[in-house]
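Student: What follows is a structure written as C-alpha cells; I'll ask about it next.
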Amino acid sequence: MARLTKKQKEAQAKIEKDKVYSLTEASALIKEITNTKFDASVDLAVRLGVDPRKANQMVRGVVSLPHGTGKDVKVLALVTPDKEAEAKEAGADYVGLDEYLDKIKGGWTDVDVIITMPSVMGKLGPLGRVLGPRGLMPNPKTGTVTMDVAKAVTEVKAGKIDFKVDKTGIVHAAIGKASFSAEKIQENANELLTTLMKLKPTAAKGVYVKSIYMSSTMSPSIAVDTKIG
Numbered sequence: 001m002a003r004l005t006k007k008q009k010e011a012q013a014k015i016e017k018d019k020v021y022s023l024t025e026a027s028a029l030i031k032e033i034t035n036t037k038f039d040a041s042v043d044l045a046v047r048l049g050v051d052p053r054k055a056n057q058m059v060r061g062v063v064s065l066p067h068g069t070g071k072d073v074k075v076l077a078l079v080t081p082d083k084e085a086e087a088k089e090a091g092a093d094y095v096g097l098d099e100y101l102d103k104i105k106g107g108w109t110d111v112d113v114i115i116t117m118p119s120v121m122g123k124l125g126p127l128g129r130v131l132g133p134r135g136l137m138p139n140p141k142t143g144t145v146t147m148d149v150a151k152a153v154t155e156v157k158a159g160k161i162d163f164k165v166d167k168t169g170i171v172h173a174a175i176g177k178a179s180f181s182a183e184k185i186q187e188n189a190n191e192l193l194t195t196l197m198k199l200k201p202t203a204a205k206g207v208y209v210k211s212i213y214m215s216s217t218m219s220p221s222i223a224v225d226t227k228i229g
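In the working numbering, the protein residues as written are 1 to 229.
Below you can see the structure in the form of C-alpha cells.
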C-alpha cells in the first residue's frame with residue numbers, strides 16, 4: 001500500500017471516522033481537504049440498490065447543473081450542411097460530418113460530447129466500437145440526438161451532463177470544481193441527487209440510495225447522508 005504524503009495525512013485527519021456528513025457539511029469540507037496545485041474536479045459516487053444487468057433496473061438520465069461543471073466541454077456536432085451555422089453559433093467546437101466520421105474511424109475521439117441528428121445516426125452505427133466504450137455515442141434519451149442542435153449544444157456547454165449506473169450499481173458524476181464556493185458545490189450535488197431520486201426504477205426493491213461519497217481529485221472520500229432533501 002502506498003504511503004500517504006503529509007498533505008494526504010492532514011486531509012484524512014479532517015474527516016471524522018465513521019461520521020456521515022450532511023451535503024452542506026461535505027461541500028464545505030471538500031474544499032478544506034483539496035490540496036492540488038490545479039483546480040481539482042469534485043465528484044459524487046452514488047451506490048444504488050439496483051441490478052443494472054436487468055433492463056428494468058437500469059438508471060440513466062441527464063441533469064442540468066445550476067452552476068455547470070467548471071469544465072470547458074468540447075462538443076462535436078455531426079450535422080448536415082444546413083445545420084452547421086446554428087451549431088457553430090451555439091458554441092460547438094467542431095462542426096461537420098463526413099470529415100469527422102473519417103477522423104473517428106482513424107481513432108480520433110478528442111471531444112467530451114457528440115451531438116447529432118436522427119438522419120445521421122445510421123452513419124454512426126459502425127463507429128460504436130470506438131464511441132461506445134468512451135461514452136461518446138449519441139443517444140436520444142440524453143438529448144444528444146435531436147433536430148434542435150443549437151439547443152442541445154447550448155445546454156451541454158451550460159452544464160448539462162448525462163449519467164449512467166455502471167455494472168457495479170454506482171453512478172459516478174463530476175459536479176463541479178474545488179474552486180467553486182461550498183454553496184455552488186452543494187447546489188450542484190443536490191440537483192444530481194434529486195434527479196436520481198426521480199429515476200428510481202419501479203422494479204428496484206429495498207433501499208434505493210445505499211451510499212453517497214464526495215471526493216475531489218486525489219482527495220479522500222467523504223461519506224454523505226443518503227437522506228436527500
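Positions of the beta carbon are idealized from the N, C-alpha and C atoms, including for glycine. What you are looking at is a predicted structure, and each value in this text was computed from that prediction instead of being measured.
In the structure shown, what three-state DSSP assignment does Met214 receive?
Tutor: As a first step, residue 214 must be located in the sequence shown, where it is residue number 214. Met214: strand per DSSP, three-state reduction.
Student: For Asp110, which of helix, strand or coil comes out of DSSP?
Tutor: As a position in the sequence shown, residue 110 is number 110, starting the count at 1. Three-state DSSP puts Asp110 in coil, outside helix and strand.
Student: State the Cα-Cα distance for the pair Lys88 and Phe180, rounded to the nearest angstrom.
Tutor: Within the sequence shown, numbered from 1, the residue matching residue 88 stands at position 88. Within the sequence shown, numbered from 1, the residue matching residue 180 stands at position 180. Roughly 29 Å separates the two Cα atoms.
Student: Is it the case that the Cβ atoms of Thr80 and Met121 are separated by a distance below 9 Å?
Tutor: Taking the first residue of the sequence shown as position 1, residue 80 is located at position 80. Taking the first residue of the sequence shown as position 1, residue 121 is located at position 121. Taking 9 Å as the Cβ cut-off, Thr80 and Met121 do not qualify as a contacting pair.
Student: Nearest CA to the CA of Asp166: which residue from Lys6, Phe38, Glu32, Lys54?
Tutor: Here residue 166 corresponds to residue number 166 of the sequence shown, with the count starting at 1. Among Lys6, Phe38, Glu32, Lys54, the Cα nearest to that of Asp166 belongs to Lys54.
Student: Residues in its own chain within less than 6 Å of Ser216 by CB, not counting five upstream and five downstream?
Tutor: The count along the sequence shown starts at 1 and reaches residue 216 at position 216. Taken in chain order, the residues that qualify are Ile30, Thr34, Ala40, Val42, Ala178.
Student: Could you give the C-beta distance for Leu222 and Ile15, rounded to a whole number, given that I count them as a contact under 8 Å?
Tutor: Your numbering for residue 222 matches position 222 in the sequence shown. Your numbering for residue 15 matches position 15 in the sequence shown. For clarity, residue 222 is Ile in the given sequence; the question names Leu instead. Separation of the CB atoms of Ile222 and Ile15 is rounded to 6 Å, and the pair is thereby assigned contact status at 8 Å.
Student: Taking the C-alpha atoms as reference points, what is the distance between Pro201 and Val73?
Tutor: For the purposes of this step, residue 201 is identified with residue 201 of the sequence shown, where counting begins at 1. For the purposes of this step, residue 73 is identified with residue 73 of the sequence shown, where counting begins at 1. Whole-angstrom Cα-Cα distance: 30 Å.
Student: Taking DSSP as the reference, what is the three-state secondary structure of Lys37?
Tutor: In the sequence shown, counting from the first residue as 1, residue 37 sits at position 37. Reduced to three states, the DSSP call for Lys37 is coil.
Student: Specify, as a first and last residue, the run of the beta strand (DSSP E) that Ser27 falls within.
Tutor: Within the sequence shown, residue 27 is the residue found at index 27, counting from 1. It is not in any beta strand (DSSP E) - Ser27 instead sits in the alpha helix (DSSP H) that spans 23-32.
Student: Can you tell me which of Lys6, Lys17, Lys37, Leu48 puts its alpha carbon nearest to the alpha carbon of Ile170?
Tutor: What you label residue 170 is simply residue 170 of the sequence shown in a count that begins at 1. Of the listed residues, the one whose Cα sits closest to Ile170 is Leu48.
Student: So, do the stretch 51-65 and the stretch 180-200 have three or more beta carbon pairs nearer to each other than 8 Å?
Tutor: The stretch 51-65, when compared against the stretch 180-200, does touch it at the 8 Å Cβ threshold.
Student: Which term fits Lys184, buried or exposed, when burial requires 16 or more other beta carbons within 10 angstroms of its beta carbon?
Tutor: As a first step, residue 184 is located in the sequence shown; it is residue number 184 there, counting from the start. By the 10 Å Cβ count, Lys184 comes out buried.
Student: Suppose you measure from the CA of Gly143 to the CA of Val224; what does that come to, to the nearest Å?
Tutor: Numbered from 1 along the sequence shown, position 143 holds the residue referred to as residue 143. Numbered from 1 along the sequence shown, position 224 holds the residue referred to as residue 224. Using only the alpha carbons, I get a separation of about 30 Å.
Student: Which whole-angstrom value describes the C-beta separation of Ala85 and His172, a residue pair presumed to lie in contact below a C-beta threshold of 8 Å?
Tutor: Here residue 85 refers to the residue found at position 85 when the sequence shown is read from its first residue. Here residue 172 refers to the residue found at position 172 when the sequence shown is read from its first residue. Not quite, the Cβ-Cβ distance comes to about 36 Å (not below 8 Å), so this is no contact.
Student: In the DSSP output, which residue or residues are listed as bridge partners for Val62?
Tutor: Counting from 1 along the sequence shown, the entry for residue 62 is found at position 62. Its beta-bridge partners are Asp162.
Student: Runs of 4 residues minimum, wholly inside the stretch 64-133: which ones carry the alpha helix (DSSP H) assignment?
Tutor: 81-90, 98-105, 121-124, 128-131
Student: Looking only at its own chain, which residues have a Cβ that is under 6 Å from the Cβ of Gly206, when we skip the five neighbours before and after it?
Tutor: Here residue 206 is taken as the residue at index 206 of the sequence shown, counted from 1. Within the same chain, Gly206 has close Cβ partners Gly49.
Student: Out of curiosity, what's the CA-to-CA distance linking Ser211 and Ser27?
Tutor: Walking along the sequence shown from the start, residue 211 turns up at place 211. Walking along the sequence shown from the start, residue 27 turns up at place 27. The alpha-carbon atoms of Ser211 and Ser27 are separated by roughly 16 Å.
Student: What residue range does the alpha helix (DSSP H) around Lys198 cover?
Tutor: For this step, residue 198 is matched to residue 198 along the sequence shown. Taken as a continuous stretch (DSSP letters only), the alpha helix (DSSP H) holding Lys198 covers 182-198.
Student: Between the Cα of Pro140 and those of Gly61, Tyr213, Gln8, spot the shortest distance and give me the residue it belongs to.
Tutor: As a first step, residue 140 is located in the sequence shown; it is residue number 140 there, counting from the start. When only C-alpha atoms are compared, the closest one is Gly61.
Student: Comparing alpha-carbon positions, which option in Leu199, Thr226, Pro220 lies nearest Asn56?
Tutor: By one-based count along the sequence shown, residue 56 stands at place 56. Looking at the Cα atoms, Leu199 is the closest of the given residues.
Student: Just reading off the beta strand (DSSP E) that Lys177 is part of, what are its end residues?
Tutor: Stepping through the sequence shown from its first residue, residue 177 is reached at position 177. First-last of the beta strand (DSSP E) with Lys177: 170-177.
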